[in-house]
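So the structure is just underneath, and the comments pick up after that.
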Amino acid sequence: MGDAYVWVADVDARPEEAAVLAGRVMDWLERRGIVRSELTNCLTGDELGRAPGPYAARAVTEDEVTAGGVTADGVCGVGMEIERRVYVCAGFWTATCPACGATTEPAERGPDVWTRAWAPLLDDLYAWFGGTGPGSGACVRCGERAEFTAWAIEPPVAVAHLGLVLWNWPPLGESFLDELSAVLGGHRLVTGSTTA
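Here the sequence shown stands for residues 1 to 196, numbered as in UniProt numbering.
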């Protein structure tokens, strides 16, 4: 079994404020005892992160963060991402246009069955990630463009300049997410999980 992570994307954070907001979040997580203050090698690769603190269970839906979550490499930590990112979940997506209600069909065979018809939406996501596209996607049915945050995409997809990534943690609790949003000034959050 491989590593998995839970992500929380702040879809309202502007690029110029992401670093300040990331510092605010980490300070809050440390004060609450959800993460430890020292940076350690608790993430994948060479990245440093913060290991679970004594009160990490306050953030999740299960009693223990490390129960069944730490891999043989000791990967179980929290990191902040302050960059342009597209956050996705594993599995087939369905996307619904906010203008006309057209919906992609989930794939029945192969990972790209629906993407052949909806490739322009994926192209828009990749262009945004690469820094060359706007923060909106075009519908292949009606041609209207809408901000990515307006699209109903399941499992969740988010475009953001600020994200919290929790390696090998259980799902996050609703009360924790509400508090995190308040720490971020009421920003909208999108959360999901995936495997590496």
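Quick reminder that beta carbons are idealized off the backbone N, C-alpha and C, glycines included.
Just so you know, these numbers come straight off a predicted model, no measurement behind them.
Taking DSSP's pairing of strands, which residues face E147 in a bridge? S136
Who pairs with L172 in a beta bridge, going by DSSP? V60
Under DSSP, the alpha helix (DSSP H) around L29 begins and ends at which residues? 18-31
Taking its Cβ as the centre, do 16 or more other Cβ atoms sit within 10 Å of D46, making it buried, or is it exposed? exposed
Using CA atoms only, rank isn't needed, just tell me which of D178, S136, G23 is closest to V159. S136
Classify T191 as buried or exposed, calling it buried when 16 or more other Cβ atoms lie within 10 Å of its own Cβ. buried
For D3, the first and last residue of its enclosing beta strand (DSSP E): It is not in any beta strand (DSSP E) - D3 carries neither H nor E in the DSSP assignment.
Residues that T40 bridges to, as DSSP identifies them: G49
C-beta atoms of R58 and G33 nearer than 9 Å: yes
Examine the Cβ distances between the stretch 83-92 and the stretch 174-188 and report whether three or more of them are shorter than 8 Å. no
Tell me the rounded alpha-carbon separation between residue 219 and G163. Look at the range of the chain in this structure, 1 to 196, and you will see that residue 219 is not part of it.
Coil, strand or helix - Y126 by DSSP: helix
Let's see if you can read the secondary structure: which residues bound the beta strand (DSSP E) around V86? 85-87
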